[in-house]
Amino acid sequence: MHRDSTSMPELVGAARTGDARAQERLVSDYLPLVYNVVGRAMDGHADVDDVVQETMFHALEGLDGLREPSRFRSWLIAIAMNQIRHRWRAQQYTTATPPEQLAEAAEPEPDFVDLTILRLGLSGQRREVAEATRWLDESDRELLALWWQEAAGELTRAELAEAMALTPQHAAVRVQRMKAQLEVGRIVVRALAARPLCDELARTVAGWDGRPAPVWRKRIARHTRDCRTCSGRGAGLVPAEGLLAGLALLVPLYGAARFVPGARLAPVASTAPLPGSPAPGPATPAKPRAYVVGGALAVAVVLGILAVLLWPDPRPEAKPAAPVVPRATVTSAAPTPSATPVPQPTKASPSPKATPKPVRPTPTAATPEQRLLRLVNSRRGAAGCAPLRMDPRLTTAAVRHARDMVARHYYDHASPEGQHADARMRATGYAVGAWAENLDRGTADPAAIVDDWTDGAIHQQNMLDCSYRDTGVAAVPGPDGTVWVQDFAGSPS
C-alpha cells in the first residue's frame, strides 16, 4: 500500500511553514521507508543510522525546493540514494584501517538480512529470499533496496527508475537481470542448507570461507545445474514478488521527534550507539562524520550551512558578465617628430600616413556547453562554491558517452557493458578522485536544463558540491532531443 494520499500536498505545505506537528507526521510516515531502503542498500553498515538522519534532515530543510508536493516520496527516496552514494564515495578515498583494527574488523557483524529475518520473523521461502539477497553483486545493492520496496507495495516502478536515474525501459531490464540472479541465489541457499550436504558440493566448497561472493555463487550454481542430486533444488519456488507483497517495513529503534526542529536531539557521534540499538562494531576504513553537540543553536547552524550549500539562493540568478573585448595592439606608422625639424630642400616632405583604427574582433558566440557551465557556476557562486573549470579530458568523456547513448539508443549513466563515468574519465587520462554525473534529454536550452537539475536532490547536490573543481559538458542532438552530459570531478585524496 503506497503511503501517498490526497492530503500529502497539504501536509507538505504545512511542514514548509514550520508546523512542527506536520513535520513530525511527515517524518513518522516516511522514516520506516527511508530506513529500509538505506539499510538494505548499505547491508546494515554501521553508517546506516547516520545516512538515514542526514536524509531526513536534508528533506525537512529542503522542502522549499520541492516543486510538486505530491511527489514528496519519490523526491525523498532520491535524496536517500544520493546520500548513500556520497557516503560510499567518501569512503573510497579515505585512509586504510589501522593494522591494530584489522583483526577486529574481520569479525562479521549481523547484516540487514539477519535484522529482517529476526524482526519480521521470516521463515520458509520468505527467509530463503532474504538470505539469497546476500549472493547478489554489490552493484545491484541499491537496485535491490528499491525493488524490495516495490515488491512490498511501498514504491512504484516509476519511482524506482527515477531514484536510479534510469529510463523505465532500462530499469525494467536491470530489474529482470537482478531477479534472475536472485533466483540463482535462492537455489544456492537451498543447496547449502540441504542435510546431508551433497558430497560433490562439499568438495566444491571445501575452500570457501562461508561469506557469499559472486565467484562462489557461480561455482555453486554450476554444480546445481550439473548434479543429479542438486538439480531439483529450484522445484516449487514461488515468485519472489509474491513472497514480498505486503511484507512489513522494519521500524527503526529511534523515533521521528529527533528530526523535527525544536524537538531534535543533536545527532550522535560515530562511536555512540543509538538508544535501544546494538553498539556499533569496530571502526571501518571510513569513519562516519562526527557531529557537534551543542543544543538547538548548534543544530540550527549546521542545518543553515547545509541549506546554503545544497539549495540555491532565493535571490535572482546573477547574469554572466558581458565578455571583455580585447583591443588590437597597433603600431603607429607615423614618423617620430624631432625637437627641431630641419627642412631638406632636395627631398620632398614625407606624406603623413593615416593611423589605422583599432580593430575590434567579432566575439564568438558561446556554445551551448559554455552557456550551461556559466549558469552552473553562477549557482555555485551563490552557494559559496568555487567555479568549475572546463577540463578537455572530462569533456571528451562526456561527449563520448552522449554520442554512445544516441548511437546505441539508450539513456543511462552506465553503458550496456556496465561502464560508469569514472571509467570513462580514466580512459581519457584523468586521475579520478570523487566524481559525479548529471544527465538530461530533450530541450537544447541550457537554462532549461539547469532549471531541471535544480531539483533539491541528486542533480542539484552534484552541481553545488564544493569538492568538485573540474567538469566536462556535452550536448549531442539525438532522435529524442538533445542529450546532455555533465561530468564532475575533484582531485584524488
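Sequential numbering from 15 applies to the sequence shown in my numbering.
For every residue, glycine included, the Cβ atom is placed at its ideal position computed from N, Cα and C.
It should be emphasised that the depicted structure is a prediction, and the values quoted were computed from it without experimental measurement.
Straight-line gap, methionine 178 to arginine 140 (C-alpha atoms, nearest Å): For the purposes of this step, residue 178 is identified with residue 164 of the sequence shown, where counting begins at 1. For the purposes of this step, residue 140 is identified with residue 126 of the sequence shown, where counting begins at 1. Their backbone Cα atoms lie some 25 Å apart in a straight line.
Cβ-Cβ distance between valine 497 and valine 420 below 7 Å: Walking along the sequence shown from the start, residue 497 turns up at place 483. Walking along the sequence shown from the start, residue 420 turns up at place 406. In this structure, valine 497 lies near valine 420, with their beta-carbon atoms less than 7 Å apart.
Per-residue DSSP class, three states only, for alanine 570: Because the chain spans 15 through 507 in this model, residue 570 falls outside it and cannot be assessed.
Cβ separation of valine 229 and glutamate 145, assumed to be a contact under 8 Å, to the nearest whole Å: Residue numbering aside, residue 229 sits at position 215 when the sequence shown is read from its first letter. Residue numbering aside, residue 145 sits at position 131 when the sequence shown is read from its first letter. Actually they are not in contact, since the Cβ atoms of valine 229 and glutamate 145 sit about 18 Å apart, beyond 8 Å.
Close beta carbons around alanine 416, own chain, < 7 Å, minus the five adjacent residues each side: Here residue 416 is taken as the residue at index 402 of the sequence shown, counted from 1. Contacts found: Ala488, Val490, Val497 and Val499.
Under the three-state DSSP convention, the category glycine 53 falls into: Start at 1 with the first residue of the sequence shown, and residue 53 comes out as number 39. Helix at glycine 53.
Those residues which DSSP pairs with proline 491 across a bridge: If you number the sequence shown from 1, residue 491 lands on position 477. Partner(s): Thr496.
DSSP-derived helix/strand/coil call for methionine 404: Here residue 404 refers to the residue found at position 390 when the sequence shown is read from its first residue. Three-state DSSP puts methionine 404 in a strand.
Nearest-angstrom Cα separation, counted from arginine 200 out to glutamate 142: In the sequence shown, residue 142 corresponds to position 128, counting from 1. In the sequence shown, residue 200 corresponds to position 186, counting from 1. The straight-line gap from Cα to Cα measures roughly 6 Å.
Glycine 456 - containing beta strand (DSSP E), residue span: Working through the sequence shown from its first residue, we reach residue 456 at position 442. Element bounds for glycine 456: 449-456.
Spatial distance of threonine 181 from glycine 79 (CA atoms): Taking the sequence shown and counting its residues from 1, one reaches residue 181 at position 167. Taking the sequence shown and counting its residues from 1, one reaches residue 79 at position 65. Going from the Cα of threonine 181 to the Cα of glycine 79 covers about 23 Å.
Proline 210, buried or exposed, once every other Cβ within 10 Å from all chains shown has been counted against 16: Looking up residue 210 in the sequence shown gives position 196. Label assigned to proline 210: exposed.
Residues that phenylalanine 502 bridges to, as DSSP identifies them: Counting from one through the sequence shown, the residue named residue 502 turns up at place 488. Beta-bridge pairing links phenylalanine 502 to Ala450 and Thr485.
From Ala104, Pro460, Ser429 and Phe502, residue whose alpha carbon lies closest to that of valine 187: Mapped onto the sequence shown, residue 187 falls at position 173. For valine 187, the nearest C-alpha among the options comes from Ser429.
Cα-Cα separation between aspartate 484 and proline 253, rounded to whole angstroms: In the sequence shown, counting from the first residue as 1, residue 484 sits at position 470. In the sequence shown, counting from the first residue as 1, residue 253 sits at position 239. Taking the straight line from one Cα to the other gives about 47 Å.
Helix, strand or coil at valine 338 [DSSP, three-state]: One-based indexing of the sequence shown puts residue 338 at position 324. Only weak support is given to the placement of valine 338: the predicted model assigns it a pLDDT of 38, under 50, and the value that follows is read from those uncertain coordinates. The answer is coil: DSSP assigns valine 338 none of H, G, I, E or B.
Coarse secondary structure for tyrosine 44, derived from DSSP in three states: For the purposes of this step, residue 44 is taken as residue 30 along the sequence shown, with counting starting at 1. DSSP places tyrosine 44 in helix when its eight states are reduced to three.
Nearest-angstrom Cβ-Cβ length linking leucine 387 and leucine 408, presumed shorter than 8 Å: In the sequence shown, the residue the question calls residue 387 occupies position 373. In the sequence shown, the residue the question calls residue 408 occupies position 394. Not quite, the Cβ-Cβ distance comes to about 11 Å (not below 8 Å), so this is no contact.
Short Cβ contact (7 Å threshold) for valine 41 with valine 52: What you label residue 41 is simply residue 27 of the sequence shown in a count that begins at 1. What you label residue 52 is simply residue 38 of the sequence shown in a count that begins at 1. Judged by beta-carbon spacing, valine 52 lies beyond the 7 Å limit of valine 41, meaning their Cβ atoms are not closer than that value.
Three-state secondary structure assigned by DSSP to aspartate 465: Locating residue 465 in the sequence shown gives position 451, counting from the first residue. Three-state result, aspartate 465: helix.
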